[in-house]
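Undergrad:
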Amino acid sequence: MPKLSILLELALSLSCAVAGTHAACWPTFVLDGAAEHGFHRAHAPFAIRLLCGKLDAESVAVRVRDAGSGTALESRASSTLDRVVVQAGPGPGPKTITVTARDERRNPVSGSFTMLFGSVDMPVRVVDEQGRPVSGAGVTAVASGRFKQHGVTDSTGAVTLANLPATEIDVFASSAEDGAVSTSLVASPSAITLRLLSPSHLGRLDSVSRDGTVQAGVSAHVARRLSNACQSPTPNSCDFYADCAERALQCGPEGYPLRFGDRNCKKFVSRLDMFSSHGQDWIMKTMSCLQRALIGPMNEDGATCESVKKAAFDSHPNCYIDNGFCDLSLSDLLQVVMTVKRDLFYGHAVDQVMTTAKGCSSHYIAQVKEKLDQLPRSENEAFDDM
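Numbering (my numbering), first residue to last: 669 to 1054.
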């Protein structure tokens, strides 16, 4: 029928409108010479660069907050047309860096980064079960489940982990030939020795000393399931992704918990003021929905980074639509696209976009049908004859 063809065209137009944003180049702030989930030297300068555009340098504002308490910290920055330099980086600990500005066309641009700063350089020596130095062993330091640094031992079995905060960190070492070891300790300038344990001894993991002598290990294992505290994500917070999902799965900076969940959650929170009150309500409800959707898949036996990523992307369309995505205003929809930007068309996200578009099309079709059914019979018949 003509009415059906019109409604199908509406659905197709919506899908094309969403997919058409792929060609756009959005002004985006990125760290320059630094990685958000790495370790950075406390009090040292660092830079943030603008991609796809030029800055109105006089409009740039940089805010630094303690990531734990939210306390605002003093910061000084200078700007050029495409670069912002924070002249004196913050002191040790995790910090949230937010930069806001306008581009040359006076469009608002913003970015937010959570970074870890430290001043401790800790020498590490890796030996095998007989106490012989192991060259080429991989050594990784992890803080708060999300900040990581990786190094490789030299011919003497030594490597230095730099810019660590003077807090408890996890340290892992492994070698294909000699086994692995894991321990938790408070970072300090004192040298530590890690003894690799062969696969038959990996139940005894912690094997570390600070005085150069090798100590016997104690039992330890990596738990992949969520802790009891993580079974109910905190509302209106992004902490679940790093403190719960990443801590359990250890997917790394390119895994779903950090690359998509934590990153995009913080993007939406940093741009909350750009949305209407209805848009803000949708963000908060959707944040909670997406986090709760991960709990079941992560508690399953044999849960992996890949299986959880698939479950996460599969949950996106329902979480978006069920919480009112299809009712967002055009202004709010534009802010969604500007917030997510390139991630909208990355891998599984493309399927997510199209599924959401189709879901909204069905939603709009139902709304149009309801309005048509409310029309007087004569007007409804006239529409059928169009």
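Cβ coordinates follow ideal geometry from the N, Cα and C atoms, glycine included.
Everything numeric in this text was worked out from a predicted model, so none of it was measured.
Write down the C-beta distance between G759 and H711 rounded to the nearest angstrom, noting that I regard them as a contact closer than 8 Å.
TA: With 8 Å as the limit, G759 and H711 qualify as a contact, their Cβ atoms being about 6 Å apart.
Undergrad: Can you pull the DSSP bridge partners for V820?
TA: For V820, which the question treats as bridged, DSSP gives the partners G806.
Undergrad: Determine, using beta-carbon pairs with one atom in the region 910–919 and one in the region 803–814, whether at least three such pairs fall under 8 Å.
TA: With a cut-off of 8 Å, the region 803–814 and the region 910–919 count as touching, because enough Cβ pairs lie within range.
Undergrad: Name the DSSP beta bridge partners of I716, please?
TA: For I716, which the question treats as bridged, DSSP gives the partners L699, V752.
Undergrad: By the 10 Å Cβ neighbour count, where 16 or more other Cβ atoms means buried, how is R744 classified, buried or exposed?
TA: Burial call: exposed.
Undergrad: Based on Cα-Cα distance, which residue from L723, F785, T821 lies nearest to R665?
TA: Since the displayed the chain opens at 669 and closes at 1054, residue 665 lies outside it and no answer follows.
Undergrad: Apart from the five residues just before and just after Q959, which ones in its own chain have a Cβ nearer than 6 Å to its Cβ?
TA: Excluding sequence neighbours, Q959 sits near P901, F908.
Undergrad: With H, G and I counted as helix, E and B as strand and the rest as coil, what does DSSP make of V795?
TA: Strand.
Undergrad: With DSSP as the reference, label V1008 as helix, strand or coil.
TA: In this structure, V1008 counts as helix in the three-state DSSP scheme.
Undergrad: Between which two residues does the alpha helix (DSSP H) holding K722 run?
TA: Run containing K722: none; DSSP gives neither H nor E here.
Undergrad: Put P985 into one of helix, strand or coil per three-state DSSP.
TA: Looking at P985 - three-state DSSP - the assignment turns out to be helix.
Undergrad: Kindly list the residues whose CB is nearer than 6 Å to the CB of A961, restricted to its own chain and excluding five residues on each side of it in sequence; keep chain order.
TA: Excluding residues within five positions, the ones whose Cβ falls inside 6 Å are S983.
Undergrad: What's the C-alpha gap between L926 and V730?
TA: In a straight line, the C-alpha of L926 is about 23 Å away from that of V730.
Undergrad: Rounded to whole angstroms, what is the Cα-Cα separation between M783 and M966?
TA: Computed Cα separation, rounded: 26 Å.
Undergrad: Is there at least one non-hydrogen atom of the ligand HEM closer than 7 Å to the beta-carbon of D995?
TA: Absence of the ligand HEM is noted for the structure shown, with no ligands found whatsoever.
Undergrad: Within a Cβ cutoff of 6 Å, which residues of the same chain sit near A824, ignoring the five residues on either side of it in sequence?
TA: For clarity, residue 824 is Thr in the given sequence; the question names Ala instead. Answer for T824: P801, listed in chain order.
Undergrad: Output the distance between the C-alpha atoms of V792 and T808, rounded to the nearest integer angstrom.
TA: Rounded to the nearest angstrom, the two C-alpha atoms are 11 Å apart.
Undergrad: What distance in whole Å lies between the Cβ atoms of G736 and P695, which are believed to be in contact at a cut-off of 8 Å?
TA: That pair is no contact at about 30 Å.
Undergrad: Look at the Cβ atom of K935, then the Cβ atom of T1007, and state whether they are nearer than 8 Å.
TA: Yes. Within cutoff.
Undergrad: Taking the alpha carbon of T828 as the point to measure from, which residue in G806, V849, V767, G761 has its own alpha carbon closest?
TA: It is G806 whose Cα lies nearest to the Cα of T828.
Undergrad: Assuming the contact rule is C-beta atoms closer than 8 Å, F781 and E726 should be a hit. Round their C-beta distance to whole Å, please.
TA: Going by Cβ atoms, the distance from F781 to E726 rounds to 22 Å, so no, they are not a contact pair.
Undergrad: For R931, list the residues DSSP reports as bridge partners.
TA: Answer by DSSP bridge pairing: none, since R931 is not bridged.
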